[in-house]
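Protein chains: 2
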Amino acid sequence: MRYELYYWPMIQGRGEYVRLALEEAGTSYRDVAREEGIGAMTAVLEGASDTPPFAPPFLKAGRRIIGQTANILLFLGSRHGLAPKAEAGQSWVHQLQLTVTDFVVEIHDTHHPLGPTLYYEDQRAAAKKRTAEFWSERVPKFLGYFEQILAKSGGAYVTGRRLTYVDLSLFQIVAGLRYAFPRRMAAFEPDIPGLVALHDRVAIRPNVAAYLQSERRIPFNEDGIFRRYKALDV
Amino acid sequence: MRYELYYWPMIQGRGEYVRLALEEAGTSYRDVAREEGIGAMTAVLEGASDTPPFAPPFLKAGRRIIGQTANILLFLGSRHGLAPKAEAGQSWVHQLQLTVTDFVVEIHDTHHPLGPTLYYEDQRAAAKKRTAEFWSERVPKFLGYFEQILAKSGGAYVTGRRLTYVDLSLFQIVAGLRYAFPRRMAAFEPDIPGLVALHDRVAIRPNVAAYLQSERRIPFNEDGIFRRYKALDV
Numbered sequence: 001m002r003y004e005l006y007y008w009p010m011i012q013g014r015g016e017y018v019r020l021a022l023e024e025a026g027t028s029y030r031d032v033a034r035e036e037g038i039g040a041m042t043a044v045l046e047g048a049s050d051t052p053p054f055a056p057p058f059l060k061a062g063r064r065i066i067g068q069t070a071n072i073l074l075f076l077g078s079r080h081g082l083a084p085k086a087e088a089g090q091s092w093v094h095q096l097q098l099t100v101t102d103f104v105v106e107i108h109d110t111h112h113p114l115g116p117t118l119y120y121e122d123q124r125a126a127a128k129k130r131t132a133e134f135w136s137e138r139v140p141k142f143l144g145y146f147e148q149i150l151a152k153s154g155g156a157y158v159t160g161r162r163l164t165y166v167d168l169s170l171f172q173i174v175a176g177l178r179y180a181f182p183r184r185m186a187a188f189e190p191d192i193p194g195l196v197a198l199h200d201r202v203a204i205r206p207n208v209a210a211y212l213q214s215e216r217r218i219p220f221n222e223d224g225i226f227r228r229y230k231a232l233d234v
Numbered sequence: 235m236r237y238e239l240y241y242w243p244m245i246q247g248r249g250e251y252v253r254l255a256l257e258e259a260g261t262s263y264r265d266v267a268r269e270e271g272i273g274a275m276t277a278v279l280e281g282a283s284d285t286p287p288f289a290p291p292f293l294k295a296g297r298r299i300i301g302q303t304a305n306i307l308l309f310l311g312s313r314h315g316l317a318p319k320a321e322a323g324q325s326w327v328h329q330l331q332l333t334v335t336d337f338v339v340e341i342h343d344t345h346h347p348l349g350p351t352l353y354y355e356d357q358r359a360a361a362k363k364r365t366a367e368f369w370s371e372r373v374p375k376f377l378g379y380f381e382q383i384l385a386k387s388g389g390a391y392v393t394g395r396r397l398t399y400v401d402l403s404l405f406q407i408v409a410g411l412r413y414a415f416p417r418r419m420a421a422f423e424p425d426i427p428g429l430v431a432l433h434d435r436v437a438i439r440p441n442v443a444a445y446l447q448s449e450r451r452i453p454f455n456e457d458g459i460f461r462r463y464k465a466l467d468v
């Protein structure tokens, strides 16, 4: 079965966590809106399905349509060796992914504190305040947590010796924070040596490395979650 | 097995979605921090477990510790008849719960747009702007979506004839918005007749009704997710 991923074609965004999992698994998939345009995606969102997703990304797997990033990863993880086999292990990795999800919302809110439908340019002052708090309070809390989990695992990856999809997601978090906040992140990285090493370990896995060098990897840009605004990176 | 729920003892918050599921299921549980104080909760958060949760709520089920609200409900749903039996149905209800989770973040952000660690009093102006956008854009989008799903189900509940935990969560959303924004919600309710009827149907289920009248149901208050601030309810 060939998967069909539906996500905004111009950004990494939340779809990137799914793309990374599909690429690492080496499974066959189409990135539909990139091949056919956004119309193919909105047709599904507005279509006659009894179980329409609320928003992209969503994955078509045969006749199933699966929405919500962490839910898609839960589905893919057990089918492609990107999660433990036991239910308790799957639940744990999913729990960590949901914590990544929470963090991604807060990353997005650094440039959109007044809501997702206003432009950044209309909320610059609020964005500055929110970003200051994000770096003083929230980054240490979230990344400190994952650093601790990684240390407890005693292995190269979050659950130990084997990579799971949450390792791919943490790679993306480190890469994204480096892109969006190069100065702040450079100052913070000494506090999270484990996560930095994890990032490097993931980046050189053959399937991930090939993906990152391909045109399938959309460059970071200022329409995505991780945006580089000089005013926010002091 | 008797479950142990750990959550802040003074608020409904995110723990309420778990409390409602435990109560509807009629299962035995202890609300530990309400019985023993917050120390019992922080002891687990800071304890020696290899799989510590990031934040409350979390559930102890025997030797397992399960965190993240939607993940706890995924666990409870399949064990207590609060979710479909087939995997595709479980995934669908979980996906809907994750969309509720997204909405809960945005509800919280109406009074905390500049971040969770500053006081509301320090972000009143930003809260006003965010709340205006919340009601003009986000409430219609989220509640319109759930209204549509409910209509498609053709039954009394979101998946049809049988109640799932996401119905309990939507009850809580309607009740909470009524508490926090009585004027705005009264004006909006004609747009969501299905969700209002769902709220009423859930409220009179025997286990839920008994819970709502008990002291186990903490009243809404201005430390929780749903806060009644006159300035935000114009």
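Residue numbers (the numbering used here), protein chains in the order written: chain F, 1 to 234; chain V, 235 to 468. From the three backbone atoms N, C-alpha and C, an ideal C-beta is built for every residue, glycine too. Since this is a predicted model, take the numbers as computed values, not measurements.
Is the shortest distance between the beta-carbon of E137 of chain F and the beta-carbons of chain V less than 7 Å?
True, the Cβ-Cβ gap to chain V drops below 7 Å.
Quick check: what's the CA-CA separation for D401 of chain V versus Y391 of chain V?
Going by the C-alpha atoms only, they are around 7 Å apart.
For the pair the stretch 424-438 of chain V and the stretch 283-295 of chain V, tell me if three or more CB-CB distances fall below 8 Å.
Segments in contact, no.
Give the straight-line distance between the Cα atoms of Y237 of chain V and V252 of chain V, rounded to the nearest whole angstrom.
If you take the alpha carbons of Y237 of chain V and V252 of chain V, they lie about 11 Å apart.
Applying a beta-carbon distance threshold of less than 9 Å, which residues of chain B neighbour T99 of chain F?
The structure shown contains no chain B; the protein chains it does contain are F and V.
Which residues mark the beginning and the end of the alpha helix (DSSP H) in which L98 of chain F is found?
Counting along the chain, the alpha helix (DSSP H) containing L98 of chain F begins and ends at 87-111.
Q172 of chain F: buried (16+ other C-beta within 10 angstroms of its C-beta) or exposed?
Buried.
Span of the alpha helix (DSSP H) holding Y179 of chain F?
It spans 165-180 - the alpha helix (DSSP H) in which Y179 of chain F sits, taken as one unbroken run.
Could you confirm whether any beta carbon from chain V is found closer than 7 Å to the beta carbon of R79 of chain F?
So no, R79 of chain F is outside the interface.
Am I right that T285 of chain V and I299 of chain V are in contact with their C-beta atoms under 8 Å? What's the rounded C-beta distance?
With a Cβ gap of about 6 Å, T285 of chain V and I299 of chain V count as contacting.
What does T164 of chain F touch in chain V if you count any residue whose Cβ is under 9 Å from its own?
None at all; the shortest Cβ gap to chain V is about 13 Å.
Smallest Cα separation from M10 of chain F: which of F:T131, F:E35, F:L22, F:E87?
Answer by Cα proximity: F:E35.
Within 10 angstroms of its Cβ, does Q68 of chain F collect 16 or more other Cβ (buried), or is it exposed?
When all chains shown are included, Q68 of chain F counts as buried.
So is Y241 of chain V buried or exposed if we call it buried at 16+ other beta carbons inside 10 Å?
Flag for Y241 of chain V reads buried.
Run through the stretch 253-281 of chain V for me and flag every whole beta strand (DSSP E) of 3 or more residues, listed as ranges in chain order.
Correct list: 263-265.
D31 of chain F: buried (16+ other C-beta within 10 angstroms of its C-beta) or exposed?
With 16 or more Cβ atoms within 10 Å of its Cβ, D31 of chain F is classed as buried.
For F309 of chain V and R396 of chain V, I'd like the C-alpha separation in whole angstroms.
Cα-Cα distance, rounded: 18 Å.
Select from F:R124, F:L20, F:D191, F:T110 the residue whose C-alpha is nearest the C-alpha of K141 of chain F.
It is F:D191.
Using DSSP with H/G/I as helix, E/B as strand and the rest coil, what is L293 of chain V?
It is a strand residue.
Under a three-way DSSP split, which group does E222 of chain F fall into?
Looking at E222 of chain F - three-state DSSP - the assignment turns out to be coil, as it is neither helix nor strand.
When you check each C-beta in the stretch 402-432 of chain V against every C-beta of chain F, which residues fall closer than 7 Å?
Residues: none.
Residues in the same chain with beta-carbon distance under 6 Å from G176 of chain F, minus the five sequence neighbours each way, listed in chain order, please.
Closer than 6 Å at Cβ, skipping near neighbours: F226.
Less than 7 Å between CB atoms is the rule here; does D50 of chain F satisfy it with respect to chain V?
At least one chain V Cβ lies under 7 Å of D50 of chain F.
Do the stretch 340-350 of chain V and the stretch 92-100 of chain F make contact, defined as three or more Cβ pairs closer than 8 Å?
In short, these stretches do not touch, since the Cβ pair count stays below three.
Under 7 Å, Cβ to Cβ, is there at least one residue of chain V near R228 of chain F?
No, its Cβ sits nowhere closer than 7 Å to a Cβ of chain V.
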